[in-house]
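Notes follow once the structure below has been shown.
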Amino acid sequence: MKQIDEMQTSQHISLGDRALNLHFKQHGNGYPVLLIHGLFGSLSNLGLLAKHLEQLGYRVISIDALNHGLSPRSNSMSYRTQAAAVKAVCEELAIDQCAVVGHSMGGKIAMALAQQYPGLISTLVVADIAPVSYQHNHTAVFSGLMSFQPSTISSRLEADKCLAKHIVEPGVRQFLLKSLTKVDGQWRWLFDVEKLYACYSSIIDWSAGESFSKPCLFIKGELSDYIVADYQTQVAQQFPNASLKVIAGTGHWLHAEKPALFNRLTEQFLAAHI
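Note that the sequence shown covers residues 81 to 354 in my numbering.
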């Protein structure tokens with residue numbers, strides 16, 4: 081296989097009358113593994129896992145989801161649309177089969193990808209999300225994000241103070257601030273707040289597709305309520321070859337709270353099923 085040291089690019093696809101160009105980075109060679117981040121994140125969120133898998137000899141492709149990072153802005157964030165956009169990246173990179181790891185919203189994109197294109201996906205790791213429609217809301221987060229224009233602030237500390245008027249949890253604010261960046265001397269978010277707000281009903285929704293019978297690993301944060309016992313039926317129906325691991329003492333951002341354990345569970349699962 082041709083040596084791939086590092087590649088960063090955007091992939092053009094056409095969905096109806098929309099042209100989308102997903103941004104991604106890839107490192108290493110070997111068997112390809114896609115990494116897909118969650119809501120309000122970017123491809124850097126799974127950076128520790130990307131580095132770990134690259135060192136193990138995998139070809140790692142980290143993707144910015146629609147309306148996040150350097151990927152294009154879109155009025156649709158249905159999981160069918162998002163899965164098709166990721167598949168187009170695989171086609172551009174001549175990837176016939178790969179594993180995929182997704183956290184939260186990225187886990188739903190990964191599950192949709194497996195259900196829509198089962199021949200493409202060999203195995204699946206889903207971090208702290210289930211194949212269900214959620215009643216969760218991010219009202220406080222959106223209120224904080226919409227309470228100020230980042231271009232008007234002078235520092236991250238000022239942004240944090242603005243967010244703190246609406247978002248109590250320091251960890252949530254710090255996660256959001258990772259996507260605050262300075263461009264041409266002005267601060268801006270790497271995600272599109274308005275489009276995420278407009279698409280929020282699609283983000284928390286889920287339409288079950290055909291069952292995916294290949295091996296899957298669901299990793300739950302012990303303190304998180306995104307995977308609960310009531311969802312076992314939906315998981316078993318849609319992913320009948322799924323197993324579950326729980327990381328003690330972690331919440332929804334389990335990959336950041338205990339990265340060594342999260343990386344090891346992912347590594348062991350991929351090694352057993354690829």
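For each residue, glycine too, the CB sits at the ideal point set by N, CA and C.
Small disclaimer: the values here were computed from a predicted structure and weren't measured.
From the options, pick the residue whose C-alpha is nearest to that of residue i; which is it?
i, options, result
"residue 118", "227, 164 and 335", "335"
"residue 185", "267, 262 and 116", "116"
"residue 333", "153, 109 and 183", "183"
"residue 286", "127, 311, 156 and 188", "188"
"residue 143", "297, 322 and 122", "122"
"residue 353", "103, 104, 321 and 102", "321"
"residue 145", "110, 104 and 230", "104"
"residue 296", "316, 110 and 203", "203"
"residue 147", "133, 244 and 283", "283"
"residue 221", "212, 257 and 113", "257"
"residue 120", "300, 309 and 280", "280"
"residue 101", "338, 341 and 169", "169"
"residue 327", "346, 302 and 312", "302"
"residue 228", "213, 244, 215 and 214", "244"
Between residue i and chain D, is any beta-carbon pair separated by less than 7 Å?
i, result
"residue 167", "The structure shown contains no chain D; it holds only a single protein chain."
On the criterion of 16 or more Cβ atoms from any shown chain inside 10 Å, does residue i qualify as buried, or is it exposed?
i, result
"residue 125", "buried"
"residue 217", "exposed"
"residue 324", "exposed"
"residue 350", "buried"
"residue 248", "exposed"
"residue 343", "buried"
"residue 318", "buried"
"residue 226", "exposed"
"residue 190", "buried"
"residue 153", "exposed"
"residue 215", "exposed"
At which residues does the alpha helix (DSSP H) containing residue i begin and terminate?
i, result
"residue 348", "339-353"
"residue 193", "185-196"
"residue 275", "273-278"
Go to residue i, then tell me how far its beta strand (DSSP E) extends in each direction, as first and last residue.
i, result
"residue 316", "Taken as a continuous stretch (DSSP letters only), residue 316 belongs to no beta strand (DSSP E), being part of the alpha helix (DSSP H) at 312-318."
"residue 326", "322-327"
"residue 201", "201-207"
"residue 297", "296-301"
Can you give, in chain order, each stretch of the beta strand (DSSP E) that sits fully within the region 90-161 and has at least 3 residues? 98-107, 112-116 and 139-143
Run through the region 214-265 for me and flag every whole beta strand (DSSP E) of 3 or more residues, listed as ranges in chain order. 260-263
Any contact of the region 168-183 with the region 273-291, i.e. 3+ C-beta pairs under 8 Å? no
Check whether the region 190-202 touches the region 151-164, taking contact to mean three or more Cβ pairs, one atom from each stretch, closer than 8 Å. yes
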